[in-house]
Each structure stands twice: as C-alpha cells, then as structure tokens.
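Read in order, the letters of the sequence shown are residues 83 to 386 in my numbering. Here a beta-carbon is modelled for each residue, glycine too, at the ideal position from N, C-alpha and C. This one's a predicted model, so the numbers in the text were calculated from it and none came from an experiment.
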Amino acid sequence: MSPLEQRYRRLLRALPEPARSRWADEMTDTYLTATCADDPEFADFGSPALVDRLDVWRLALRLRLGAPGAAPRAVVTGAAVRWVALLGALGATAPAAIGQLGRLTSPDLPWVVTWQTPLVVTAAVLSVALFGCLVHGSWVARPVAGVLLAVHLVLGVSVAGPVPVSTWVVLLLAAVPPVAALVSEPAPAARPARWWAGAVTVLVLTGGLPWLSLVLPVWITGEAVWAAVLAAVGLRALVAGEVVVRRAVAVLGLLAVVPLALSATAGGGPTGYVATQAGAAAVLAVVAGACAVTATRDRHRLPA
C-alpha cells in the first residue's frame with residue numbers, strides 16, 4: 083500500500099458506517115487512478131488534494147444527515163434538522179422575532195431608525211423567504227439561508243459595548259434556522275398548506291398583539307405566544323410518538339426558554355408580565371425537556 087493510498091483511506095474514515103465499508107475501496111481506487119494517471123510516482127509522496135478532502139467531508143456530512151446510503155439513525159437526524167429549519171423559520175417570520183433583532187442594536191428602544199434598521203428589515207424579509215423555500219423544498223433555500231446568516235452576523239458584530247447573555251441567545255436563536263437549512267437536504271414539507279396556515283396564525287397572534295391588546299391583557303407577549311406554539315407542537319409529538327418532531331422541539335424549545343427566563347428574572351413591565359414570561363418558560367422547559375429525553379431514548383433504539 084502506497085503512502086498516498088494510506089492517506090486517502092485515512093481521509094475516508096470520516097465517512098460513517100455502513101457507507102464507509104461499502105464505498106471506501108472503490109473511492110480509494112478512483113482517487114488513486116485520477117491523481118496518479120500522469121505521474122505514477124506521486125503515489126509515493128503525494129497527499130489528497132483539497133478538492134478531494136472537501137468532497138469527502140461534504141459527503142460525510144450528507145450521510146450523517148440522511149443522504150441515500152445513510153443509516154436509519156442518520157435519516158432520522160436529517161429529518162429532524164429539516165424540522166428545526168422549518169419550525170425555526172416559522173418562528174422567525176413573527177414580528178416578535180423582529181423585535182428581538184431590533185433589541186440587539188437598541189436594548190432600551192426596541193425599534194429606532196439607525197443604519198442597522200435596513201438590515202433588521204432585510205432579515206425579516208429573508209426569514210419569510212426562507213420559510214417559503216423550505217416549505218416547498220426549493221434549492222433556493224440554501225442561498226437565502228446563507229445571505230440571512232450573513233445579515234445576522236453583521237447585526238451581531240455591530241452590537242456596541244458589553245454583550246449581555248440575552249443578546250448571545252438571540253443571536254444563536256436567529257442563526258439556528260439558516261444553519262439548519264444550509265446543512266439539510268431540500269425536501270418539500272408534508273401538507274404545505276398547513277405550514278402556511280401556521281405561519282399566518284403566528285403572524286396574527288404575535289404581530290397583532292398591539293391591536294389584540296384592546297381585548298387581551300397587555301402582559302401577553304409575542305415570545306410567550308411563540309413558546310405556547312412550540313409547547314403545543316411538542317405535546318402533540320409526545321402523544322403521537324413523532325421522534326423527528328420531538329428532536330426539533332427539544333432544540334428550539336430549550337433555546338427559546340433562555341430569553342424568556344432572563345426577561346422574567348429582570349422584572350419590570352406591566353402587571354402580570356413577569357408571571358407570564360416565567361410561566362411560558364416553565365411550560366416550554368418541561369415540554370422541550372420531555373421531548374429531548376424521549377427522542378434520545380428512541381434514537382438509541384434505531385440501527386446506527
């Protein structure tokens with residue numbers, strides 16, 4: 083075995099089983115044939131090309147997220163990542179999420195016109211576009227997710243002064259859907275009409291709170307409404323035994339609990355505000371925790 087073949091086989095260890103056992107020999111022969119065709123002595127001192135390394139790493143990631151040839155456990159993981167992208171993008175379409183992004187640049191004034199304001203609006207528009215692309219399985223989802231992630235990064239680095247924990251949590255929450263969309267395989271969602279109905283419902287409930295406050299208590303916040311939506315989805319997944327959905331709710335729910343808990347402990351606001359935020363955080367923490375525990379248990383029962 084030549085040094086170059088050893089290096090290629092070492093590189094192919096990045097592939098998960100059973101794909102590695104099936105394809106490692108064939109892929110090694112293909113790489114050696116292509117790289118040593120013009121210079122047979124290259125096998126004695128050469129190393130895998132950067133493009134070959136990137137191809138193997140990309141294939142390894144795709145196989146771990148359920149690409150053809152992946153193990154059943156990886157297929158479930160890939161489906162869960164798509165659900166994280168979909169549910170996260172659904173939450174990001176809400177004006178409550180827009181308000182969270184606005185607080186990144188002006189913690190005391192949630193919405194002021196600064197040079198970051200167009201970026202905040204752009205992030206909101208891109209979030210809606212990403213949700214639509216994910217629902218219909220469009221290949222455009224990845225470019226949109228990349229641009230959206232870049233906008234969030236610019237907003238994050240533009241924060242002046244010491245960065246509080248709540249800001250880092252908001253940045254993480256904002257980055258999760260585009261990152262999940264970037265790494266997952268595009269696939270149409272089941273029942274797109276139901277997803278769009280859910281998006282409209284979330285928009286009305288969270289974005290319409292200033293008008294609904296005429297008939298609803300003022301201490302009902304958009305964050306609490308979104309927590310209730312996530313908790314309802316998680317409860318349904320627990321009852322129906324949906325492993326994929328439970329994993330997605332566990333990720334998004336446990337992240338969403340943090341800003342709710344921080345806002346509750348900060349105090350202030352109208353009467354009932356602290357109780358609402360704390361109650362929403364507690365309910366979501368219980369549901370998301372149950373989803374995490376049961377999804378992990380069921381995942382270990384699947385073939386690796």
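Going by CA-CA distance only, name the one from the options that's closest to residue i.
i	options	result
Val74	Val326, Ser129, Val315, Pro341	The requested residue 74 does not occur in the structure, where the chain is confined to residues 83 to 386.
Val368	Asp380, Ala338, Ala223	Ala338
Ala269	Val222, Ile302, Ala374	Val222
Ile302	Trp250, Ala343, Tyr355	Tyr355
Leu97	Arg381, Arg383, Asp137	Asp137
Count the other CB atoms within 10 Å of the CB of residue i; is the residue buried (16 or more) or exposed (fewer)?
i	result
Gly323	exposed
Thr378	exposed
Leu143	exposed
Ala330	buried
Ser345	buried
Arg164	buried
Phe127	exposed
Arg328	buried
Ala357	exposed
Val387	What the structure shows of the chain is the stretch from 83 to 386, and residue 387 is not part of that stretch, so it cannot be assessed.
Val166	buried
Val365	buried
Once you ignore the five residues that flank residue i on each side, which residues in its own chain have a CB closer than 8 angstroms to its CB?
i	result
Glu87	Thr110, Leu114, Ala125
Val284	Leu172, Gly173, Thr175, Ala176, Val307, Trp308, Val311
Gln182	Interpretation of Gln182 is limited by its pLDDT of 48, a score under 50 that renders its predicted location unreliable; no figure is taken from the coordinates.
His218	Pro270, Ala271, Pro274
Going by beta carbon distance, what residues of the same chain come within less than 7 angstroms of residue i, once the five residues before and after it are set aside?
i	result
Leu201	Val233, Val236, Leu237
Leu208	Val226, Val229, Leu230, Val233
Gly160	Leu147, Gly148, Ser266, Glu267
Leaving out the 5 sequence neighbours to the left and right, which residues in its chain are closer than 6 angstroms to residue i when beta-carbon positions are compared?
i	result
Ala211	Val226
Gly371	none
Pro189	Bear in mind that the predicted position of Pro189 carries a pLDDT of just 48, short of 50, making it unreliable; the figure below should be weighed with that in mind. Correct list: empty, nothing qualifies.
For chain D, check one thing: does any of its Cβ atoms lie closer than 8 angstroms to the Cβ of residue i?
i	result
Val166	Here chain D cannot be found, since the structure has a single protein chain.
Checklist entry - Do the segment 141 to 148 and the segment 299 to 318 meet, that is, are 3 or more Cβ pairs less than 8 angstroms apart? => result no
Checklist entry - Are the segment 262 to 272 and the segment 159 to 175 touching by the rule of at least three beta carbon pairs closer than 8 angstroms? => result yes
Item to check | the segment 264 to 281 contacting the segment 125 to 142, beta-carbon criterion three pairs below 8 angstroms | outcome: no
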